[in-house]
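> Quick note, the sequences are listed as chains A and B, same order.
Just so we're aligned, residue 14 is where the first sequence starts under this note's numbering, counting upward by one.
Just so we're aligned, residue 14 is where the second sequence starts under this note's numbering, counting upward by one.
Ideal Cβ positions, reconstructed from N, Cα and C, are used throughout, including at glycine.
I have a structure here, written as structure tokens, and I will follow up with some questions on it.
Number of protein chains: 2
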Amino acid sequence: MSQAAAHAVVYNLNTARALGGDRALAYPLNAWGAGLDEEAGDSLGLMGARMSFGRDAEIFGEGEAAEFLYRVVSGAVRTYRILSDGRRQIGEFHLPGDIFGLEAGSEHLMSAEALTRTEVLVYRRTAVFALAVRRPAVAQALWGATARDLERAQAHLMLLGRKSACERVASFLLALAERQVSGSEVNLPMSRQDMADYLGLTIETVSRAFTQLQADGLIALKGCRCVTLRNRAAFQALVE
Amino acid sequence: MSQAAAHAVVYNLNTARALGGDRALAYPLNAWGAGLDEEAGDSLGLMGARMSFGRDAEIFGEGEAAEFLYRVVSGAVRTYRILSDGRRQIGEFHLPGDIFGLEAGSEHLMSAEALTRTEVLVYRRTAVFALAVRRPAVAQALWGATARDLERAQAHLMLLGRKSACERVASFLLALAERQVSGSEVNLPMSRQDMADYLGLTIETVSRAFTQLQADGLIALKGCRCVTLRNRAAFQALVE
DNA sequence: CGATAATTTGATTTTTCTCAAGACGCGTGG
DNA sequence: CCACGCGTCTTGAGAAAAATCAAATTATCG
């Protein structure tokens, strides 16, 4: 995020709910434990500043102070790290409803960029933490968001450790389908390169996996950014 | 955990601090944010039941109800999942001071086993959550433990995605060294197979990486469970 | 419609896995 | 104290998977 943009956010959050706009939110923060559907979002008493980012715009960078928490309203976000020799590992893709930017320490350990034009709600970290002290519901929501991030990172680990290229791509598509509302038609907001960097593969290997899955009748492609999952059972078998 | 053992724990926790034994604790739960050293452990007002597990004993299994949180007192723990065809992916190794068993949902998504004879403190999940509602320090500690778990899972992801076998092993050794108090001498509580299943490699490849690192003068082996890290600078370069 | 970027496909090389055998370490029992 | 046996670790050779390098094809956007 640029310094100017960051300061704008500070101003907005400090001037208390100046911006509104929490109404379109699809997935609320959740309470302790398994109550993932509870409408706790509106009870937070916090209203994020709305910000908008263009395609490939940086939302925050590795090493920056972790001043804010973010919730995706529309669009999609990738968080990633770059190794010294330029290799990139994408940690997670964040879709509408997801919270990102949570850090144990005071600095961001990853960078975040918008995949496409993306709107986020921005919450001041200190404000959220301060409120959490007074309101258990906020503390619960904060923990729940973090625990779900952890769960997703662990699922990602299972992909990278011991799966073949085809299995990784298939698992990825299935997980994406389950996060999107649509039925068996999945829209891919990310490029093949993004997928490759998420799955620990090269772009060519990802492409070949798509070709293979198509040949096996597991998917159909309507352009390279739209996939239909056929034969969900075979998918589950490949993925498990 | 056996049913008998689980019930014993329920009993102990329900009968309020019957067991004591929190005094030897090395690393407390921490507060919001970066205050990792804060002595918040004693302020929790929760006293875990102490349990002991032998080598390879199951602490909990995938799919079981997540009734408890665990803190390692001594020994070491692996959490893992088994894929349908028998491949095992280790999610994390937990050393003394670490909290494990945190779940967003109500079921454990991984299994946990003791690597060696291991002592843990066991906290009833519902008790911790109930206390967190009344005491912000407990909520903070809970969030901090979860956020650090997330951080570690993300670091693990960076290892698996885009690194060579040697880089993975070197990164692993360095991370382990940084978690242990000792200087450059690292004790390995896990087998080569455990490391392989953590790093997404085969046991042979891990062994060859050790041989390579030794040939390059980056490590020295005193038996296969004790490694000395020479040339920390070269390590950092290999790892970054 | 044309230019440019993204994706797919092909040929070859590198890395890691697999299968096999040998060495080492460790605990047990003589 | 030493020999034996068993499990773990290391080493080797060949096979498989994915990476790399290169080119063709397809999508995207002005």
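#1: In the DSSP output, which residue or residues are listed as bridge partners for ASN200/A?
#2: Name the chain A residues that come within less than 9 Å of LEU144/B, Cβ to Cβ?
#3: Taking the C-alpha atoms as reference points, what is the distance between ASN244/B and LEU201/B?
#4: Beta-carbon within less than 7 Å of ALA222/B's beta-carbon, same chain only, minus the 5 sequence neighbours each way: which residues are those?
#5: For a contact meaning CB atoms closer than 8 Å, what does LEU173/B contact in chain A?
#6: Can you confirm whether the segment 96–112 of chain A touches the segment 145–152 of chain A when touching is taken to mean that 3 or more C-beta pairs between the two stretches lie within less than 8 Å?
#7: Helix, strand or coil, according to DSSP, for GLY157/B in the structure here?
#8: Check for me: the beta strand (DSSP E) holding MET64/A runs from which residue to which?
#9: Quick check: what's the CA-CA separation for ASP55/A versus GLY61/A?
#10: Give the secondary structure of ARG205/A by DSSP, where H, G and I count as helix, E and B as strand, and everything else as coil.
#11: Give the single residue among ALA78/A, GLU75/A, GLY110/A, LEU59/A whose Cα lies nearest to the Cα of ARG84/A.
#12: How would you call THR139/B, buried or exposed, if buried means at least 16 neighbouring beta carbons within 10 angstroms?
#13: Does the beta-carbon distance from ARG91/B to PHE106/B come in below 7 Å?
#14: Is the CB-CB distance between LEU187/B and VAL252/B below 7 Å?
#15: So, is ALA250/A buried or exposed, given that buried needs 16 or more other C-beta atoms within 10 angstroms?
#16: Closest Cβ-Cβ distance between THR159/A and chain B: below 7 Å?
#17: Please check the pair GLY67/A and ARG147/A, which I expect to be a contact at CB under 8 Å, by giving their CB distance rounded to whole angstroms.
#18: Name the chain A residues whose beta carbon is nearer than 7 Å to that of LEU155/B?
#19: Suppose you measure from the CA of ALA70/A to the CA of SER87/A; what does that come to, to the nearest Å?
#20: Could you say which of PHE81/B, TYR211/B, MET64/B lies nearest to ARG94/B if we only look at CA atoms?
On the basis of the supplied data:
#1: Locating residue 200/A in the first sequence gives position 187, counting from the first residue. Secondary-structure assignment with DSSP links ASN200/A through a beta bridge to CYS239/A.
#2: The count along the second sequence starts at 1 and reaches residue 144/B at position 131. Correct list: empty, because the minimum Cβ distance to chain A is about 11 Å.
#3: As a working mapping, residue 244/B is identified with position 231 in the second sequence. As a working mapping, residue 201/B is identified with position 188 in the second sequence. One C-alpha to the other measures close to 19 Å.
#4: Locating residue 222/B in the second sequence gives position 209, counting from the first residue. The residues are ALA178, CYS179, VAL182.
#5: Residue mapping note: residue 173/B aligns to position 160 of the second sequence, counting from 1. For LEU173/B, the C-beta contacts it makes with chain A under 8 Å involve LEU170, LEU173, GLY174, GLY213, in order along the chain.
#6: These segments do not touch.
#7: One-based indexing of the second sequence puts residue 157/B at position 144. Reduced to three states, the DSSP call for GLY157/B is helix.
#8: For the purposes of this step, residue 64/A is taken as residue 51 along the first sequence, with counting starting at 1. Per DSSP, MET64/A belongs to the beta strand (DSSP E) from 62–66.
#9: Counted from its first residue, the first sequence places residue 55/A at position 42. Counted from its first residue, the first sequence places residue 61/A at position 48. Low local confidence applies: a pLDDT of 42 at ASP55/A is under 50, so the model's placement there is unreliable, with the coordinate-based value given in what follows. So the two alpha carbons sit approximately 11 Å from each other.
#10: For the purposes of this step, residue 205/A is taken as the residue at position 192 of the first sequence. Secondary structure of ARG205/A (DSSP, three-state): helix.
#11: Stepping through the first sequence from its first residue, residue 84/A is reached at position 71. If you compare the alpha carbons of ALA78/A, GLU75/A, GLY110/A, LEU59/A with that of ARG84/A, the shortest gap goes to GLY110/A.
#12: Within the second sequence, residue 139/B is the residue found at index 126, counting from 1. With fewer than 16 Cβ atoms within 10 Å of its Cβ, THR139/B is classed as exposed.
#13: If you number the second sequence from 1, residue 91/B lands on position 78. If you number the second sequence from 1, residue 106/B lands on position 93. Closer than 7 Å, so yes.
#14: To locate residue 187/B, count along the second sequence from 1; it is residue 174. To locate residue 252/B, count along the second sequence from 1; it is residue 239. Their beta carbons are under 7 Å apart, which means LEU187/B touches VAL252/B by this criterion.
#15: The sequence position of residue 250/A within the first sequence is 237, counting from 1. Its Cβ having fewer than 16 others within 10 Å, ALA250/A is exposed.
#16: For the purposes of this step, residue 159/A is taken as the residue at position 146 of the first sequence. It does: the Cβ of THR159/A has a partner Cβ on chain B nearer than 7 Å.
#17: One-based indexing of the first sequence puts residue 67/A at position 54. One-based indexing of the first sequence puts residue 147/A at position 134. About 37 Å separates the two Cβ atoms, so there is no contact after all.
#18: If you number the second sequence from 1, residue 155/B lands on position 142. TRP156, listed in chain order.
#19: Sequence index remark: in the first sequence, residue 70/A carries index 57 (1-based). Sequence index remark: in the first sequence, residue 87/A carries index 74 (1-based). Their backbone Cα atoms lie some 15 Å apart in a straight line.
#20: Position 81 of the second sequence, counted from the first residue, corresponds to residue 94/B. Distance check between ARG94/B and each of PHE81/B, TYR211/B, MET64/B places TYR211/B closest, using alpha-carbon atoms only.
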